[in-house]
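Quick notes on the structure that follows.
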Amino acid sequence: MIQRIVKLAIKPSESEGDVFREIFAESKNLIAKQPGCHGVHLLESNKYFFTLSFWDSEADLDVYRNSSLFKSVWPRTKELFYDKPEAWTCQIVDKKEA
16 MIQRIVKLAI KPSESEGDVF REIFAESKNL IAKQPGCHGV HLLESNKYFF TLSFWDSEAD
76 LDVYRNSSLF KSVWPRTKEL FYDKPEAWTC QIVDKKEA
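Each number in the numbering used here corresponds to the 1-based position in the sequence shown with 15 added.
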């Protein structure tokens, strides 16, 4: 299983933050229903939003990134950035519950 972390340069306290929250609310359940996805979450700090998603494999993530859903969500999201996004795909190595 992999975890995808995306840092989005959208200020939560600005109007762009409200727009992004709406985009995320509209698309969260659709993303979570993608094959291989085990959930997607929205996090925020003072200057950034982060999305955190869990996938069976990078291949499943790639299928989503090539989907019509992604192609409809990402352009609307990119319009809100004040800087480039960053993303990390990580392997989950600690599989035991704390």
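Idealized CB from N, CA, C, for every residue including glycine. Predicted model only: the values in this text are computed from it and were never measured.
- Straight through space, the alpha carbons of His-53 and Asn-61 are spaced by roughly 27 Å.
- For Lys-43, the three-state secondary structure derived from DSSP is helix.
- Cβ neighbours of Glu-101 within its own chain (closer than 8 Å, five residues either side excluded): Val-21 and Lys-22.
- CA-to-CA, the gap between Lys-86 and Leu-95 works out to about 16 Å.
- Cβ atoms of Arg-91 and Ile-38 come within 8 Å of each other, at about 6 Å.
- DSSP places Gly-54 within a strand segment (E or B) once states are collapsed to three.
- The beta carbon of Ala-47 is closer than 6 Å to those of Gly-54 and Val-55 in its chain, skipping five residues each way along the sequence.
- The alpha-carbon separation between Ser-28 and Trp-103 amounts to approximately 24 Å.
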